[in-house]
Every structure is written in C-alpha cells, then in structure tokens.
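Q: Heads up, the final residue of the sequence shown is numbered 486 in full-length UniProt numbering, and it's a clean run with no missing numbers.
Glycine is no exception: its CB is placed at the ideal position from the N, C-alpha and C atoms.
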Amino acid sequence: MMCTPNQIFVPVAYLGIVSVGCIFSGANPAYTVPELVHQMTNTAAKVVLAHPAYIKRILEAVDKSNIPRSRVFQFSENENESRDGVPDWRQMLGSPTQADSYRWPELDAEESTRTIATINYSSGTTGLPKGVCVSHYNLIANVEQTIFMRYAEKPYSFARRPQERWIGFLPLYHAYGQLYAILMAMRLSIPIYVMKEFRYEDFLFAVSKFRITTLQVAPPVLVMLSKRPETARYDLSSVKEMLCGAAPLSRELQNECQRRFSMQINQGWGMTEVTCGGIVVPGGVKDDNGSVGKLIPNCECKLIDDEGKEVGFGQPGELCIRGPNICLGYWRNETATRETLDQDGWLKTGDVAVCNEEGYFWIVDRKKELIKVNALQVAPAELEAVLLENEHVADAAVVGIAIDGNEWPRAYVAIQDVSRGNVKPEDIQEWVKRRVSKHKALVGGVVFVDEVPKLVSGKIQRKVMREWSKRDAAALAESKGPKSHL
1 MMCTPNQIFV PVAYLGIVSV GCIFSGANPA YTVPELVHQM TNTAAKVVLA HPAYIKRILE
61 AVDKSNIPRS RVFQFSENEN ESRDGVPDWR QMLGSPTQAD SYRWPELDAE ESTRTIATIN
121 YSSGTTGLPK GVCVSHYNLI ANVEQTIFMR YAEKPYSFAR RPQERWIGFL PLYHAYGQLY
181 AILMAMRLSI PIYVMKEFRY EDFLFAVSKF RITTLQVAPP VLVMLSKRPE TARYDLSSVK
241 EMLCGAAPLS RELQNECQRR FSMQINQGWG MTEVTCGGIV VPGGVKDDNG SVGKLIPNCE
301 CKLIDDEGKE VGFGQPGELC IRGPNICLGY WRNETATRET LDQDGWLKTG DVAVCNEEGY
361 FWIVDRKKEL IKVNALQVAP AELEAVLLEN EHVADAAVVG IAIDGNEWPR AYVAIQDVSR
421 GNVKPEDIQE WVKRRVSKHK ALVGGVVFVD EVPKLVSGKI QRKVMREWSK RDAAALAESK
481 GPKSHL
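#1: Using only alpha-carbon positions, find the residue among Glu430, Ala181 and Glu106 that is nearest to Ile167.
#2: Return the chain-ordered list of same chain residues with a C-beta closer than 7 Å to the C-beta of Tyr200, the five sequence neighbours on each side being excluded.
#3: In angstroms, rounded to a whole number, what distance separates the CA positions of Asn374 and Asn28?
#4: May I have the straight-line CA-CA distance separating Gly177 from Leu204, to the nearest angstrom?
#5: Rounded to whole angstroms, what's the CA-CA distance from Lys196 to Leu319? Just pull it up for me.
#6: For Ala353 and Asn325, what's the separation of their Cα atoms in angstroms?
#7: My guess is that Gln461 and Gly445 are in contact by the Cβ rule of under 8 Å, so how many angstroms apart are they, rounded?
#8: What is the residue span of the beta strand (DSSP E) that residue 490 lies within?
#9: With 16 as the cutoff for other CB atoms within 10 Å, does Trp408 come out buried or exposed?
#10: Would you call the segment 280-297 and the segment 146-162 touching, i.e. three or more CB-CB distances under 8 Å?
#11: For Pro215 and Val239, which I take to be in contact (beta-carbon distance under 8 Å), what is that distance rounded to the nearest angstrom?
#12: Is the beta carbon of Glu384 closer than 8 Å to that of Ala397?
#13: Going by the CB atoms, is the gap between Val281 and Gly270 shorter than 8 Å?
#14: Quick one: which unbroken beta strand (DSSP E) runs of 3-plus residues sit fully inside the segment 289-340? Chain order, please.
#15: Who pairs with Phe73 in a beta bridge, going by DSSP?
#16: Where Gly350 and Thr340 are concerned, what is the direct C-alpha to C-alpha distance, given to the nearest angstrom?
#17: Is Phe24 helix, strand or coil by DSSP?
#18: On the criterion of 16 or more Cβ atoms from any shown chain inside 10 Å, does Tyr102 qualify as buried, or is it exposed?
#19: Alpha carbon to alpha carbon, how far is Lys483 from Leu476?
#20: Tell whether a beta-carbon distance below 8 Å holds between Gly268 and Gly290.
#21: With a Cβ-Cβ cutoff of 8 Å, do Pro248 and Ile371 count as a contact?
#22: Which residues share a DSSP beta bridge with Arg410?
#23: Look up Pro34 in the DSSP assignment and say whether it is helix, strand or coil.
#24: What would DSSP say about Val223, mapped onto helix, strand or coil?
#25: What are the complete alpha helix (DSSP H) segments, minimum 4 residues, inside the segment 59-113?
#26: Residues bridged to Ile468 by DSSP?
#27: Run the CB neighbour count on Arg410, radius 10 Å, all protein chains shown included, and call it buried at 16 or more, exposed below.
#28: Would Thr97 be called buried (16 or more neighbouring beta carbons within 10 Å of its own) or exposed?
#29: Please report the residue range of the beta strand (DSSP E) in which Lys433 lies.
#30: Thinking Phe73 and Pro87 are a contact (beta carbons under 8 Å), I'd like their distance in whole angstroms, please.
#31: Once you ignore the five residues that flank Trp104 on each side, which residues in its own chain have a CB closer than 8 Å to its CB?
#32: Taking the alpha carbon of Ile8 as the reference point, which residue from Gly400, Pro171 and Asp450 has its own alpha carbon closest?
#33: Report yes if the C-beta distance between Ile321 and Val311 is below 8 Å; otherwise report no.
#34: Are there 16 or more other CB atoms within 10 angstroms of the CB of Ser122, so buried, or fewer, so exposed?
See the structure below:
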C-alpha cells in the first residue's frame, strides 16, 4: 500500500510493483487513522510505502492493523535517514548485478485477465470504501480503448503525432490519475509535468511556463478557471484541449470556458469499476451539448428501468456496461460483487443516463447516493455513522448540495431533546471535521430538522433529501451563497 502525495517516483513504483506480479493499492494522504486501518486490514498489506510527512499517522495505523513496523518504508524523492525505526525505501532496491540477472514474470492472455494489478478504493452506499480489483488485462484494454477514442476523428501516427505536453496534478492514488499520468503518457510517449499537490496559482504558472497543451481535469478546475481572478494573469493559450471527468459538468460552464479560452472541452464518464473510462466524446469532435460522449470500443451497454427492462432512446435508465475494462469485482467482498456484477458480466453503475439515436449519452441522475467532492467519492452512510456517534445527535441524513458548481456533503440532523438550545449547527460541523478526511467534511453545512424522513422499513428517503438539497441550493444562490463555513 502506498500513501504519498504526487511525486516523480510514484509512476516508477507503480509500474515496478505491478510488473513484478504484486498489487498496487494507493491510499489518500488525507485519510485519518481509522480510514487507513480499514484499507490496510482489508488489503492485508504486505508493505507500506509512506511519505515521511505521514509517518506518525501511518505507524499508528499499522500498529492497529497488526502489520509489523518492519514492513513500513519512507517513500519520497529525497533519500531519508531512518525515522522512528522506519528506513528509506531505497534500502529495498537490489544491486546492479541482481537487477541485470532479474527476469520479469510474463503473463499469457488468460493469466492477464485474472491477475490483479491494482486495488483502488471506491466508496459505496454501505459506507466503508471497497477495494476494486483491476486486472492487467483491464488496464491494457482501457488504455487502448481510450487511445482509440482520442484519435477517432483525427487518426494517430507516431511519426506525425502532435508535440503534446501534459501536467499531472490528478492524484496518483486515483484511477483517473493513474490511467492518464502514468499509463497513457507512457504509452503515447508524452512528457508530463507532475505536480506534488494542486494549488490553483501554481497550476496556472506551470501551464503557462511549460506550455501545456492538454489537460485532464475535474469540474472544480473549470469553476476556478471561470471565477478566480488569478486566471487572467497567466497565458493559457498553449492549451488546445481539455478532458473533464470524475464528476458531472454543466453544459453552461463547459461552453463558457470553451468560448473564453478558445480550447476544446469534452466530457467523459467513468468509474473505478470500469478501470477508469467507459464513455467519452471522440477526439476531434466539437461538443457543446453537455454530452459525456459515446461508448468506448469493445464495450456494450444497456439502460434499464427499475424492473430491469431496457428503455428506448431518450428515456432515462440505469447504465449497465460490460467489456474488457470491467473490473474483476470487489476485494474480499463477494456480497458487493454479486450486487454490482451479474453472472453475464454486466456492471450496474448506479448512474442514470439517456442516449440519443446517434449513440451520445448524458448522465442525468445518480441512482447511487455517492457525493463527488473534487472528484473524490463520499458515502453518505459513512458520514451518517460518524454523526450518530455525537451525543447530541438523535438521527441524521447526509446528501450532496450543489454550491457554485461544486458538490459538498450537507447534513440534516435531528437533535436529542435534551440538547435543544445547547448546541448549534456549527458545533456539529466542527465536530465532524475533526474526525474525517478533508473532502468528507460537511462543507455544505448542517441543518437542524425535527425528524429525518424515512420509509416504514427504516431506510432514509433519499429522494426527499435530494429535494431538500435542491431547495436549499436555490435559496443559497438567491442569497449569493452560504454566509459561513464554506
């Protein structure tokens, strides 16, 4: 398992780990100790590579996970002296003689389809993140599928390829960052400038200085481009195209940025369970309709209603997809695997889409209740469980709320009778903030309610919660946004 911010050695380690026959699993550096413990114990991690800045937190987590401290190594660009008994990762490296005599294992076609290369963690509506098992075959397939779509309307030739330059600011523990910043860049021989962390003005500076030609982003970056005053101070004219994925992007924002910056902006759809991407606007196609594109090659899909029947063109239905990029299932979670992947290989995505007769898709809703915060997934059930640990909280429901083009978790909380008048929404908000990762904080606010709407079965009425969220988002927009806590 690796826990580090972006750095130049992450691609090296990633490729080395999977090529030698081991499994790569990246952890969000913002994870709290309980979140790290879950991933460590679920993967049964054999080795932990951790950035020196996180060693204290990592050691606390490995102790609780019953992983020997001797399996932990400091992992950074600079060689580090032993700290708290944790050596530098370079001590694992073999000698030049050992390297020269080493023979990489080779997988035949059948072995590649069932040999796991990576386990990336994806949140689910049941709360705890699930490990998505991606095979070598999945990775190779999704890279080739993505390349095909990228050059579908502008045929690719290595000799006549455009001189591209990319910037790698997407987190490399995430499938989106891994596919583009590691695998695609290497496959296409495209130089990439890796950012250790995303700071908006540093990002603008790097794009301008290195004359970046292509960007892979999530919607919050477009929001910054359109709203932040720093944007005007930098020359972004080198950027010719941008791919936006990981979360919904409004057609209005897409078209506004296209006009302002004279660059082609296309969308794509994907999820960890499809390795990375499954639908994308073909390269060279100018799209201003807010579509996420067409199905990638060698995949098939269907849209189904609540009864499992296929719907027609223009009708919304849950997107189901199968193909060579579909994951093997969830690590050590057969129940979740059966619920998501059927015996015929169809993956139920939980996303509701419509498709026109030309094969273009639009994502219109999410059947699953995941909240996307800066392209990272947040499970409402996980935050609800945290809230219920608070002595003042009788019941709680969490839903995403859209504010200024971003989605944030918002909690509707029923307070204990004895606590009424003694606790404020801000108190609950701060209490949760201290217990979860930054992207899971209740930035969307806390609202006190008399009761959380539930079905007779006891399940939260998620549809009602979404209606409350839309109502509150509209009210906030009218009052020019929330007055605090954002």
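A: For this structure:
#1: Ala181
#2: Met224, Arg228 and Glu230
#3: 13 Å
#4: 19 Å
#5: 35 Å
#6: 20 Å
#7: Actually they are not in contact, since the Cβ atoms of Gln461 and Gly445 sit about 20 Å apart, beyond 8 Å.
#8: Only positions 1 to 486 of the chain appear in the structure, and residue 490 is not among them; the question remains open.
#9: buried
#10: yes
#11: According to the sequence as given, residue 215 is Leu; it is not Pro. Yes, they are in contact, since the Cβ atoms of Leu215 and Val239 sit about 6 Å apart, within 8 Å.
#12: yes
#13: no
#14: 300-304 and 317-322
#15: Leu49
#16: 9 Å
#17: strand
#18: exposed
#19: Unreliable placement is indicated for Lys483, whose pLDDT of 44 sits below 50; no coordinate value is reported for it.
#20: no
#21: no
#22: Val399
#23: helix
#24: helix
#25: 96-101
#26: According to the sequence as given, residue 468 is Trp; it is not Ile. Paired residue(s): none; Trp468 is not in a bridge.
#27: buried
#28: exposed
#29: From DSSP, Lys433 is part of no beta strand (DSSP E) but of the alpha helix (DSSP H) over Pro425 to Lys433.
#30: 6 Å
#31: Ser19 and Val20
#32: Pro171
#33: no
#34: buried
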